[in-house]
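Protein chains in written order, with this note's numbering: chain X, 319 to 407; chain B, 319 to 407; chain P, 319 to 407; chain V, 319 to 407.
Number of protein chains: 4
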Amino acid sequence: MALDSTETKAEAGGIAGERLRSLIERIERLEEEKKSLANDIKDIYAEAKSAGFDVKVLRKVISLRRMEAQERAEMDEILTLYMHALGMT
Amino acid sequence: MALDSTETKAEAGGIAGERLRSLIERIERLEEEKKSLANDIKDIYAEAKSAGFDVKVLRKVISLRRMEAQERAEMDEILTLYMHALGMT
Amino acid sequence: MALDSTETKAEAGGIAGERLRSLIERIERLEEEKKSLANDIKDIYAEAKSAGFDVKVLRKVISLRRMEAQERAEMDEILTLYMHALGMT
Amino acid sequence: MALDSTETKAEAGGIAGERLRSLIERIERLEEEKKSLANDIKDIYAEAKSAGFDVKVLRKVISLRRMEAQERAEMDEILTLYMHALGMT
DNA sequence: CTGCCATTTTACCGGC
DNA sequence: GCCGGTAAAATGGCAG
């Protein structure tokens, strides 16, 4: 690899390298937080289990609620589309 | 289902119902945050892409770094296992 | 369901039915073989245990070796990606 | 680690080391075959999909058939138990 | 819209 | 025999 002679070691790879490093760090930081939240959720499921709830059922309940929420959002979206189509904005 | 006559509608299902509701809400709250983080990550990938980086490569790099970190953790763990197995606790 | 009058019982459901049956049988056959292999593996772990090896450690070792192999494969893959990204195909 | 002075490097770890190596290799070999079968199965699902079958439904069908087979096996087992209990072996 | 990858759910296995 | 944790299957989401 041919480096520009004015380049120091720290700059090897150039600006793009720094940019890349920054992007990677930001992503890794967020993924860490995400994993942390996933662990928190796991803990709550464990808590639920030790409180006598059936975890599998609990998961299903939450999944259903999520689906319903999504359906509602989609219906809102369609409604909005209709209203726009009818000039009712 | 026979409800205790002193029970109001809000209490239907009893204490367990309240506990369940609380668990569900906590989980849903955390999942929302998790999803939000996922979106943030997606945004960074988009940013990377528009800065000219190859997203596929970027993902691989991050995946590889994650694997390496995990492998290091596993090696620590197996070392501990060895020591226990050898009575070196 | 209205069957074509020239259809025999064996053909009920039509060509697609036969195709489906064939697919299912092939899958089930392979899954049987797979399960058989899983049993063989289990037997070896049992053998290892009765030979005095710590099964947990053994599993970790194998898991670690698998990870290492995979990481090597990934590094090859990312190298290919780099070369493509740099137009060095 | 103190090695017996008559031990060469190749023998370090002793007989147990050889035994361990053999066990690991046998397991890894079988796991490779297992993975290969898993890939074959995946291929069939892909084939099914491109033939217009709904893969998700297909999986359910196979899963149900597996459950039924298992149930039948369990019933046979119970029947055998009864027969033994009644001296009808 | 299809294939691929991450996440999630399910099933298994050893330990208590 | 359950439970906790680990590996496999399956589902869902995303980029191309």
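Think of the CB as a built atom: it goes at the ideal place given N, C-alpha and C, for glycine as much as any other residue.
Check whether residue i and residue j have beta carbons under 8 Å apart
i	j	result
B:L382	P:M401	no
V:V375	P:I342	no
B:K360	X:K352	no
V:D355	P:L348	Just to set this straight, residue 355 of chain V is Leu in the shown sequence, not Asp. Result yes, Cβ atoms of V:L355 and P:L348 sit closer than 8 Å.
P:R344	V:I362	yes
B:M385	P:E389	yes
CB contact check: residue i to chain P, cutoff 8 Å
i	result
V:A313	The requested residue 313 of chain V is not part of the displayed model; chain V covers only 319 to 407.
B:M385	yes
B:K378	yes
When the options are compared against residue i, the one with the closest alpha-carbon
i	options	result
V:R339	P:F371, P:I345, P:A334, P:K353	P:F371
B:G335	X:A334, X:A369, X:E346, X:G335	X:A369
X:A366	B:E365, B:R337, B:V373, B:L397	B:R337
V:D358	P:D358, P:N357, P:A364, P:E346	P:E346
X:E350	B:A364, B:A387, B:I333	B:A387
Where residue i sits in the DSSP three-state scheme
i	result
P:M406	coil
V:D372	coil
Residue i: contacting residues in chain B (beta-carbon distance under 8 Å)
i	result
P:M393	L382
Neighbouring residues, chain X, relative to residue i (Cβ below 7 Å)
i	result
B:K352	K352, L355, A356
B:A403	Going along chain X, no residue has its Cβ under 7 Å from B:A403, so there is no contact; the nearest lies around 28 Å.
B:R417	Nothing can be reported for residue 417 of chain B: it is not among the residues displayed for chain B, which extend from 319 to 407.
Proximal residues of chain P, C-beta to C-beta of residue i below 7 Å
i	result
B:V373	Result: empty, since nearest Cβ-Cβ is about 11 Å, beyond 7 Å.
Residue i at chain V interface by Cβ criterion, 8 Å
i	result
P:I333	no
Residue-chain proximity (residue i, chain B), Cβ-Cβ < 8 Å
i	result
P:Y363	no
P:I342	no
X:E349	yes
Proximal residues of chain B, C-beta to C-beta of residue i below 7 Å
i	result
X:I345	I359, I362, I380
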